[in-house]
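*Asks:* Mind having a look at this structure? Questions to follow.
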Amino acid sequence: MPHLAVNDVRAKYGALEVLKGVTFSMGKGEVLALVGPSGSGKSTVLRTLVGLTPATRGQVEIDGTAIDYRSSGAVRAARDRMAIVFQQYNLFQNMDVMRNVTIAPIKIKRRPTREVMAEADRLLDMVGLAHKKDAYPDELSGGQQQRVAIARALALQPEILLLDEVTSALDPELVTEVLDTIRRLAREGMSMIIVSHEMAFVREVADQVVFMDQGEVIEVGRPSEMFEAPRTVRARDFFGKIIRH
Amino acid sequence: MERIIEQLPRFFTEGNMLLLLEAAGLTLAMTFVGCLIGFGLAFVLVYLRQAPGLWALPLRLICIAYVEIFRRIPFLVVIYLVLFFIQTVSSDASLFTIAVIAICIYAIAYTADIIRGGLESVPRTQIEAAQAMNMSRLRTTFTVVLPQAWPVIIPPAIAFAVSFIKDTALVSQIGVFELTFRGKELNNQGFSGVLVYGTIAMCYFMISFPLSLLGQHLEKRLATPRGERRARKVRRA
Amino acid sequence: MDYRFQYGVVWDNVDALLQGAWLTFQLGVIAFMGGLLIGLVGAAIKSFAPQPFRFLVDAYVVFITNTPALIQIYFLYFGLPEFGIRWSSEACVLIGLILNAGAYLTLILRAGFLSVRKTELEAGVTLGFSVIQQVRYIIVPHIAKSIYPAVANFFIVILVMGTSIGAVIGVDELTGTAINLSTVNYRWLEYFSVIAVMYVVLTFVASIGLALFGRWAFRVKARIF
Numbered sequence: 002m003p004h005l006a007v008n009d010v011r012a013k014y015g016a017l018e019v020l021k022g023v024t025f026s027m028g029k030g031e032v033l034a035l036v037g038p039s040g041s042g043k044s045t046v047l048r049t050l051v052g053l054t055p056a057t058r059g060q061v062e063i064d065g066t067a068i069d070y071r072s073s074g075a076v077r078a079a080r081d082r083m084a085i086v087f088q089q090y091n092l093f094q095n096m097d098v099m100r101n102v103t104i105a106p107i108k109i110k111r112r113p114t115r116e117v118m119a120e121a122d123r124l125l126d127m128v129g130l131a132h133k134k135d136a137y138p139d140e141l142s143g144g145q146q147q148r149v150a151i152a153r154a155l156a157l158q159p160e161i162l163l164l165d166e167v168t169s170a171l172d173p174e175l176v177t178e179v180l181d182t183i184r185r186l187a188r189e190g191m192s193m194i195i196v197s198h199e200m201a202f203v204r205e206v207a208d209q210v211v212f213m214d215q216g217e218v219i220e221v222g223r224p225s226e227m228f229e230a231p232r233t234v235r236a237r238d239f240f241g242k243i244i245r246h
Numbered sequence: 026m027e028r029i030i031e032q033l034p035r036f037f038t039e040g041n042m043l044l045l046l047e048a049a050g051l052t053l054a055m056t057f058v059g060c061l062i063g064f065g066l067a068f069v070l071v072y073l074r075q076a077p078g079l080w081a082l083p084l085r086l087i088c089i090a091y092v093e094i095f096r097r098i099p100f101l102v103v104i105y106l107v108l109f110f111i112q113t114v115s116s117d118a119s120l121f122t123i124a125v126i127a128i129c130i131y132a133i134a135y136t137a138d139i140i141r142g143g144l145e146s147v148p149r150t151q152i153e154a155a156q157a158m159n160m161s162r163l164r165t166t167f168t169v170v171l172p173q174a175w176p177v178i179i180p181p182a183i184a185f186a187v188s189f190i191k192d193t194a195l196v197s198q199i200g201v202f203e204l205t206f207r208g209k210e211l212n213n214q215g216f217s218g219v220l221v222y223g224t225i226a227m228c229y230f231m232i233s234f235p236l237s238l239l240g241q242h243l244e245k246r247l248a249t250p251r252g253e254r255r256a257r258k259v260r261r262a
Numbered sequence: 003m004d005y006r007f008q009y010g011v012v013w014d015n016v017d018a019l020l021q022g023a024w025l026t027f028q029l030g031v032i033a034f035m036g037g038l039l040i041g042l043v044g045a046a047i048k049s050f051a052p053q054p055f056r057f058l059v060d061a062y063v064v065f066i067t068n069t070p071a072l073i074q075i076y077f078l079y080f081g082l083p084e085f086g087i088r089w090s091s092e093a094c095v096l097i098g099l100i101l102n103a104g105a106y107l108t109l110i111l112r113a114g115f116l117s118v119r120k121t122e123l124e125a126g127v128t129l130g131f132s133v134i135q136q137v138r139y140i141i142v143p144h145i146a147k148s149i150y151p152a153v154a155n156f157f158i159v160i161l162v163m164g165t166s167i168g169a170v171i172g173v174d175e176l177t178g179t180a181i182n183l184s185t186v187n188y189r190w191l192e193y194f195s196v197i198a199v200m201y202v203v204l205t206f207v208a209s210i211g212l213a214l215f216g217r218w219a220f221r222v223k224a225r226i227f
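Residue numbers (our numbering), protein chains in the order written: chain A, 2 to 246; chain B, 26 to 262; chain C, 3 to 227.
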């Protein structure tokens with residue numbers, strides 16, 4: 002049974018339909034990459050999964066359990082099992098790093114404080130920012146903030162981690178540190194959906210590549226297939242442009 | 026002019042000065058109690074105004090209507106309305122209470138917009154991050170939005186309260202023993218209008234001006250971002 | 003609560019109330035215009051005149067904005083007669099409001115003057131504009147657009163807060179009329195609830211009018227709500 006199955010999901014932004022029937026699935030411990038030109042709806046897919054953009058039709062199943070995004074209880078359940086890391090990190094500006102990481106597990110998941118603090122220390126250590134745990138977001142660089150955001154998402158102990166163009170807002174020299182963290186998570190068997198423009202990285206780390214354009218899934222396949230011999234015209238057009246770089 | 030000079034010793038007696046001091050205290054008390062309670066209730070109003078869902082639409086409309094209506098009614102009319110309304114309901118509410126209630130009602134309408142502006146100044150992405158973590162609306166507002174909205178809310182809120190000190194002069198019309206009322210009293214006792222109202226004006230000035238300067242200073246302090254403020258504290262310590 | 007509302011009495015006197023509303027409007031408009039004139043002069047002095055004059059304007063503004071309008075009007079109404087000047091209640095309210103509005107509008111307009119960036123003026127100079135042309139084609143349109151919302155809002159403030167103060171010294175504007183009528187047959191709640199509604203209607207109409215005017219004259223998208 003797939004870990005996550007997305008079936009014909011449609012979503013609207015006001016009057017504009019941004020997702021026109023998206024279908025894909027992934028297994029446990031898999032890394033799935035969503036790629037495509039700007040405006041193809043890749044970020045919207047992630048936002049819909051955590052209920053930030055309402056889905057108008059379609060089904061999402063986690064481990065076989067269907068989630069109806071129209072019920073707030075189901076949305077809460079979905080948010081409980083998935084965690085998202087945003088392009089702009091979105092750390093809480095009024096809290097220090099430690100509090101950013103621990104507030105949700107303690108207050109919302111209601112886990113014991115000592116356990117959460119210990120886990121937070123471990124996660125911050127893993128992303129290499131244990132020495133900054135008392136710093137505030139505006140004292141950190143973009144790359145550091147993004148790594149804190151990843152730690153914050155992991156502290157929620159999600160089944161699936163969603164990464165929304167997490168390196169796109171960073172200066173080039175800061176991208177590597179974040180990619181290293183993601184590589185490590187992939188090695189450790191975390192189920193992840195990555196939206197990214199870093200094609201070389203996608204090729205290296207993804208188990209499955211989903212190519213989207215204008216709100217639809219155009220082609221799905223393994224990185225080797227997609228990058229070297231895409232089947233559809235649009236995919237060939239897109240990857241051709243990338244490879245010529 | 027000579028009449029004024031002649032009246033000076035009779036005017037500036039200890040008794041009169043104490044009376045004015047007490048009246049000034051009452052003016053300040055009314056203003057700050059009324060504005061503080063009004064501010065708290067305004068926050069509730071703004072929170073309710075943001076209630077999501079179609080079922081909450083009537084609630085949202087009531088909140089919007091309250092603000093739009095009471096921003097457009099003169100304070101004097103509000104004072105009289107509160108006075109007559111309370112007096113038909115219960116016969117022994119103190120005039121001070123009535124004045125504070127009127128100030129509250131007025132302050133809610135004016136501070137609600139300030140609070141709303143402050144809450145909306147926090148980037149939507151902060152709220153989305155909290156939502157994605159399953160944070161309830163209440164917790165998000167208190168732990169994420171409000172702490173970031175304070176610097177935007179406090180300066181205009183204080184400026185409003187300070188400027189309201191002058192509006193409390195109208196409360197003299199229902200007999201509260203504040204500055205303007207005492208002024209009218211002294212004028213009726215025969216003291217020169219120029220002398221009396223000049224002095225009362227000075228009293229208001231001496232209360233209002235320093236407070237408004239304080240408010241401006243506070244505004245400048247709050248305009249610096251959090252990291253800079255912490256750095257400054259560390260350097261000083 | 004066993005108070006029986008009798009709105010019939012109010013309806014019988016509706017023409018008196020409408021006259022009061024008309025006086026409110028007239029006072030508001032005149033006070034605002036006078037204040038606008040003073041404000042323009044004051045802001046101009048603060049921007050271009052030498053020191054002693056700037057200080058005088060500052061002193062005027064600081065004094066007026068830190069003392070209640072009611073006290074200012076009381077000062078005129080009860081103080082001036084001692085110098086032999088006996089103005090009517092209406093005149094005192096009008097002069098008092100004009101002086102009051104002048105101070106606040108000086109602040110608003112001055113902020114507008116300051117908002118014209120030096121670079122815009124430099125561009126004007128390089129294009130060969132004279133000072134007068136600069137004022138007419140660069141400064142005024144730019145300022146008018148940016149300060150219009152604040153100025154229009156202040157008109158509403160004068161209309162609502164300012165004029166009602168007149169009731170205290172017996173001016174028969176809307177609030178004053180309501181007081182007069184109420185003392186006759188004690189229908190205070192009815193009269194005052196009705197004038198509350200009238201004030202809301204009056205200011206809404208004025209807001210809409212100002213918003214439309216702003217859109218036509220200065221292409222400003224002013225908010226009504």
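Ideal placement from N, C-alpha and C gives every residue a C-beta, glycine not left out.
Drop a sphere of 10 angstroms on the beta-carbon of Arg-74 (chain B), count the other beta-carbons inside from all chains shown, and report buried for 16 or more, exposed for fewer.
*Replies:* Answer is buried; the Cβ neighbour count reaches 16.
*Asks:* For a cutoff of 8 Å on Cβ pairs, would you count Leu-130 (chain A) as touching chain B?
*Replies:* Answer no: the Cβ-Cβ gap between Leu-130 (chain A) and chain B never drops below 8 Å.
*Asks:* Could you work out which residues of chain B lie near Leu-164 (chain A), taking near to mean beta carbons separated by less than 9 Å?
*Replies:* Those do not exist, as Leu-164 (chain A) stays about 13 Å from chain B at its closest Cβ, beyond 9 Å.
*Asks:* Runs of 4 residues minimum, wholly inside the stretch 151-203 of chain C: which ones carry the alpha helix (DSSP H) assignment?
*Replies:* Listed in chain order, they are 176-187.
*Asks:* In terms of DSSP beta bridges, what is Met-2 (chain A) paired with?
*Replies:* Looking at the DSSP assignment, Met-2 (chain A) forms no beta bridge with any residue, so it has no partner.
*Asks:* Could you check whether the Cβ of Ala-248 (chain B) sits closer than 8 Å to any Cβ belonging to chain A?
*Replies:* No, because no Cβ of chain A sits closer than 8 Å to the Cβ of Ala-248 (chain B).
*Asks:* Would DSSP call Phe-7 (chain C) helix, strand or coil?
*Replies:* In this structure, Phe-7 (chain C) counts as coil in the three-state DSSP scheme.
*Asks:* Considering Met-227 (chain A), what are the terminal residues of the alpha helix (DSSP H) in which it resides?
*Replies:* Element bounds for Met-227 (chain A): 224-229.
*Asks:* Residues of chain A with CB closer than 8 Å to the CB of Met-42 (chain B), please, in chain order.
*Replies:* Residues of chain A passing the Cβ test: none, with the nearest at roughly 47 Å.
*Asks:* Should the stretch 69-89 of chain A be regarded as contacting the stretch 220-237 of chain A, the criterion being three or more beta carbon pairs within less than 8 Å?
*Replies:* No: the two stretches stay apart, fewer than three of their Cβ pairs being nearer than 8 Å.
*Asks:* Mind checking Ser-41 (chain A): buried by the 16 CB within 10 Å criterion, or exposed?
*Replies:* Its Cβ being crowded by 16 or more others within 10 Å, Ser-41 (chain A) is buried.
*Asks:* Where Leu-195 (chain B) and Phe-194 (chain C) are concerned, what is the direct C-alpha to C-alpha distance, given to the nearest angstrom?
*Replies:* Answer to the nearest angstrom: the Cα atoms are 16 Å apart.
*Asks:* Do Leu-1 (chain A) and Gly-216 (chain A) have their C-beta atoms within less than 8 Å of each other?
*Replies:* Any property of residue 1 (chain A) remains undetermined from this structure, which presents chain A solely from 2 to 246.
*Asks:* Return no unless some Cβ of chain A is closer than 8 Å to the Cβ of Arg-260 (chain B).
*Replies:* Low confidence applies here, because Arg-260 (chain B) scores a pLDDT of 49, under 50, leaving its location unreliable; read the following figure in that light. Chain A, which has no Cβ nearer than 8 Å to the Cβ of Arg-260 (chain B), makes this no.
*Asks:* Chain B beta carbons: is any one of them nearer than 8 Å to that of Ile-167 (chain C)?
*Replies:* It does; some Cβ of chain B falls within 8 Å.
*Asks:* Using the three-state DSSP reduction, which class does Gln-60 (chain A) fall into: helix, strand or coil?
*Replies:* Looking at Gln-60 (chain A) - three-state DSSP - the assignment turns out to be strand.
*Asks:* Enumerate, from N- to C-terminal direction, the unbroken beta strand (DSSP E) stretches of 3 or more residues contained entirely within the stretch 41-110 of chain A.
*Replies:* Within the stretch 41-110 of chain A, the complete beta strand (DSSP E) runs of at least 3 residues are 56-63, 66-68 and 83-86.
*Asks:* May I have the straight-line CA-CA distance separating Gly-190 (chain A) from Leu-17 (chain A), to the nearest angstrom?
*Replies:* Taking the straight line joining both Cα atoms gives about 37 Å.
*Asks:* Distance cutoff 8 Å, beta carbons only. Does Lys-108 (chain A) sit that close to anything in chain B?
*Replies:* For Lys-108 (chain A), the answer is yes, since a Cβ of chain B falls inside 8 Å of its Cβ.
*Asks:* Does the distance from the C-beta atom of Thr-177 (chain C) to that of Pro-34 (chain B) stay below 8 Å?
*Replies:* No, they are not a contact pair.
*Asks:* What is the DSSP secondary structure of Tyr-135 (chain B), counted as helix, strand or coil?
*Replies:* Tyr-135 (chain B): helix per DSSP, three-state reduction.
*Asks:* Taking Cβ to Cβ, would you say Ala-187 (chain A) is nearer than 8 Å to Val-203 (chain A)?
*Replies:* Result no, Cβ atoms of Ala-187 (chain A) and Val-203 (chain A) do not sit closer than 8 Å.
*Asks:* In whole angstroms, what separates the C-alpha of Ala-169 (chain C) from that of Val-147 (chain B)?
*Replies:* Straight-line Cα distance between these residues: approximately 43 Å.
*Asks:* Hey, Phe-115 (chain C) and Ala-180 (chain C): beta-carbon distance below 8 Å or not?
*Replies:* It is not a contact, given that the beta carbons lie outside the stated cut-off.
*Asks:* Note down, in chain order, each residue of its chain lying with its Cβ closer than 6 Å to the Cβ of Ser-49 (chain C), except the 5 sequence neighbours on either side.
*Replies:* Excluding sequence neighbours, Ser-49 (chain C) sits near Phe-115.
*Asks:* Residues of the stretch 147-163 of chain C in Cβ contact with chain B at a cutoff of 7 Å, in chain order, please.
*Replies:* Within the stretch 147-163 of chain C, the qualifying residues are Val-162 and Met-163.
*Asks:* From the DSSP secondary-structure annotation, give me the bridge partner or partners of Asp-214 (chain A).
*Replies:* Bridge partners of Asp-214 (chain A): A:Glu-217.
*Asks:* Of all the CB atoms in chain B, is at least one closer than 8 Å to the CB of Leu-53 (chain A)?
*Replies:* Output row for Leu-53 (chain A): interface = yes.
*Asks:* Would you decide whether Lys-245 (chain B) is buried or exposed? Buried here means 16 or more other CB atoms lie within 10 Å of its CB.
*Replies:* By the 10 Å Cβ count, Lys-245 (chain B) comes out exposed.
*Asks:* Quick one, which of A:Pro-159, A:Asp-126 and A:Thr-54 has its alpha-carbon nearest Pro-106 (chain A)'s?
*Replies:* If we check each option's Cα against that of Pro-106 (chain A), A:Pro-159 comes out closest.
*Asks:* Quick check on Thr-233 (chain A): does DSSP put it in helix, strand or coil?
*Replies:* Thr-233 (chain A): coil per DSSP, three-state reduction.
*Asks:* Grab the span of the alpha helix (DSSP H) containing Phe-37 (chain B) for me, first residue to last.
*Replies:* Counting along the chain, Phe-37 (chain B) falls outside any alpha helix (DSSP H), and DSSP gives it neither H nor E.
*Asks:* Does Asp-69 (chain A) have its Cβ less than 8 Å from a Cβ in chain B?
*Replies:* By this cut-off, Asp-69 (chain A) is not an interface position.
*Asks:* Within the 8 Å Cβ cut-off, does Thr-166 (chain B) reach chain A?
*Replies:* False, the Cβ-Cβ gap to chain A never drops below 8 Å.
*Asks:* At 8 Å on the CB atoms, spell out the chain C contacts of Arg-162 (chain B), in chain order.
*Replies:* What Arg-162 (chain B) touches in chain C: nothing, since even the nearest Cβ is about 24 Å away.
*Asks:* Is Thr-128 (chain C) helix, strand or coil by DSSP?
*Replies:* Here Thr-128 (chain C) sits in helix by DSSP.
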